[in-house]
Amino acid sequence: MDEIRGGNTGDGTDGDGIRATAAGTAPVPLSVLDLVTVGQGRTATQALRTGVEIAKLTESRGFHRYWVAEHHSMPGVASSSPAVILAHIAAHTDRIRLGSGGVMLPNHAPLVIAEQFGTLEAMAPGRVDLGLGRAPGTDGATAAALRRSDRLNEGADDFPQQLSELIRFLDDDFPDGHPYARIHAVPGPVQATADGGVQTAHRPPVWLLGSSGFSARLAGTLGLPFAFAHHFSAQNTIPALDLYRQSFRPSAVLDAPYALIGVSALAADDEREARRQVLTGALSMVRLRTGRPGLIPSPEEAAAYDFSPMEREFVDGWLSNVIHGTPDEVRTGLDDLAKRTGADELMITANAHGGDARLRSYELIADAYGLPNEG
């Protein structure tokens, strides 16, 4: 694969838009991964409005990023179109970085993603991240419908080439003689070279996402920032981060590794309420893993559900990786996780049935760390 080139730094500084500074007493910068979850008795419209409220709240409290993740054919997750959601969030925020965590690149033509995120960059200059994954973000049948092909392994195997092509479109620098040399992603750098052009050369920094070693090694080799899905692949977190750091080669993007991890965490005013809320996400995962995806159940339904022994074992294992409890308990859990993994940033996802519980959780975590309150 081609060497990663520059072009994504706004002022020529290394890692511009990538590295962040911790606020308050947080051990590392804190960010948000929003799955735009839809609970029973609620609509996608309400879920998207909650997304706006979360972005505005966390922006005012000093969180660094707000990312959404591409999912498909899941009734309880309304984030099938990250670029559309991010455009909506951009219209309601001013400072927080906005990005995908991630776009599943094999589902799309690289030119389309370059155009979408070039458009987002024009909407929110200097605030957009492009996180990319190689998984489909859904089941095989849905992935085949998205790609209009049942050759799904080919999509994953082609990921490095697709990534190279996407970055070429973002930088508008295909070499002479390349079939795409005269094709330009617009909005994009080509507008700066047109007669009278004043377009900035800045473009979104590219992140690689993963839940195993493949993307960790690739991100390290290319000198890109890396985001690991600790929230659903905790057993692979430290091996993947070690592999990323060992593989890292300085690039025009970064001179040293930078890794964030996704973390499931939910704070409530008391431990019992926190347990009540996170159980809804656990039941939702039970149903997803057994081929019964649906809306996020209510706390009442989750509390009354008769888990089988096998389901109970799964739930216990799942919740052991969800940091939940009082604000002090969540703060301690996040502190310990940051120390244990050496992550440069924690991206918190709060899964619960209702928006109020999720908003309250981010507010309590911000208070626990003494984050600024500019709301």
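So the sequence shown is numbered by the working numbering: it starts at 12 and just counts up by one.
Note that CB positions come from ideal geometry on N, CA and C, so glycine has one too.
Using the beta-carbon count (16 or more within 10 Å), is residue i buried or exposed?
{"i": "N384", "result": "exposed"}
{"i": "M321", "result": "exposed"}
{"i": "T36", "result": "exposed"}
{"i": "T56", "result": "exposed"}
{"i": "Q288", "result": "buried"}
{"i": "A368", "result": "buried"}
{"i": "P198", "result": "buried"}
{"i": "P190", "result": "exposed"}
{"i": "P186", "result": "exposed"}
{"i": "F315", "result": "Checking the displayed sequence, the identity of residue 315 turns out to be Ala instead of Phe. It counts as exposed."}
{"i": "D140", "result": "buried"}
{"i": "H103", "result": "exposed"}
{"i": "S331", "result": "exposed"}
{"i": "P136", "result": "exposed"}
{"i": "R193", "result": "exposed"}
{"i": "G113", "result": "buried"}
{"i": "R76", "result": "buried"}
{"i": "R303", "result": "exposed"}
Return the CA-CA distance between residue i and residue j, expressed in angstroms with no decimal places.
{"i": "H213", "j": "F128", "result": "12 Å"}
{"i": "A379", "j": "G208", "result": "48 Å"}
{"i": "L143", "j": "P121", "result": "11 Å"}
{"i": "R283", "j": "L277", "result": "12 Å"}
{"i": "D280", "j": "R342", "result": "13 Å"}
{"i": "P40", "j": "P171", "result": "29 Å"}
{"i": "A58", "j": "A285", "result": "20 Å"}
{"i": "Q173", "j": "D355", "result": "27 Å"}
{"i": "E132", "j": "R138", "result": "7 Å"}
{"i": "R60", "j": "R53", "result": "11 Å"}
{"i": "D105", "j": "D182", "result": "25 Å"}
{"i": "A251", "j": "Q202", "result": "39 Å"}
{"i": "G188", "j": "Q246", "result": "46 Å"}
{"i": "G21", "j": "D317", "result": "In this predicted model, G21 has a pLDDT of only 36, less than 50, meaning its place in the structure is not dependable; the value taken from the coordinates is given anyway. Between G21 and D317, the C-alpha separation is close to 54 Å."}
{"i": "S319", "j": "S372", "result": "29 Å"}
{"i": "P93", "j": "D206", "result": "33 Å"}
{"i": "A263", "j": "E176", "result": "17 Å"}
{"i": "K67", "j": "I272", "result": "22 Å"}
{"i": "S222", "j": "E311", "result": "32 Å"}
{"i": "G224", "j": "T248", "result": "9 Å"}
{"i": "E126", "j": "L44", "result": "23 Å"}
{"i": "F180", "j": "V326", "result": "44 Å"}
Identify whether residue i lies in helix, strand or coil by the three-state DSSP scheme.
{"i": "S295", "result": "helix"}
{"i": "I359", "result": "strand"}
{"i": "L382", "result": "coil"}
{"i": "F170", "result": "helix"}
{"i": "L345", "result": "helix"}
{"i": "F180", "result": "helix"}
{"i": "A240", "result": "coil"}
{"i": "G142", "result": "strand"}
{"i": "L375", "result": "helix"}
{"i": "G151", "result": "helix"}
{"i": "L235", "result": "coil"}
{"i": "V201", "result": "helix"}
{"i": "G221", "result": "strand"}
{"i": "G28", "result": "coil"}
{"i": "G336", "result": "strand"}
Using C-beta distances below 8 Å, list every residue in its chain close to residue i, excluding the 5 sequence neighbours before and after it, in chain order.
{"i": "G231", "result": "F237, L254, Y255, R256, Q257, S258, F259, R260 and P268"}
{"i": "V274", "result": "H241, H242, I334, L345, L348, L357, M358, I359 and T360"}
Which same chain residues, not among the five before or five after residue i, have their C-beta less than 6 Å away from its C-beta?
{"i": "A313", "result": "L290, T291 and L294"}
{"i": "I307", "result": "T48, G50, G87, T291, S295 and H364"}
{"i": "A152", "result": "none"}
{"i": "L375", "result": "A278 and P338"}
{"i": "G366", "result": "T61"}
{"i": "G73", "result": "A34, L382 and P383"}
Who are the Cβ neighbours of residue i in its own chain at under 7 Å, not counting the five residues just before and after it?
{"i": "S90", "result": "L46, V47, V79, A80, E81, H82 and I96"}
{"i": "M134", "result": "A98 and A101"}
{"i": "T32", "result": "P40"}
{"i": "G305", "result": "P86, G87 and R298"}
{"i": "A146", "result": "M115"}
Do residue i and the ligand GDP come close, with the Cβ less than 8 Å from some heavy atom?
{"i": "A33", "result": "This structure lacks the ligand GDP, and indeed carries no ligand of any kind."}
(message) Report the start-end ranges of each alpha helix (DSSP H) in the segment 30-83 that is 4 residues or longer and not cut off at the edges.
(response) 55-71
(request) Can you check the segment 249-334 for any alpha helix (DSSP H) of at least 4 residues that lies completely inside it and give the ranges in chain order? (result) 282-300, 310-315 and 320-330
(message) At 3 residues or longer, what runs of the beta strand (DSSP E) sit wholly inside the segment 91-140?
(response) 108-115
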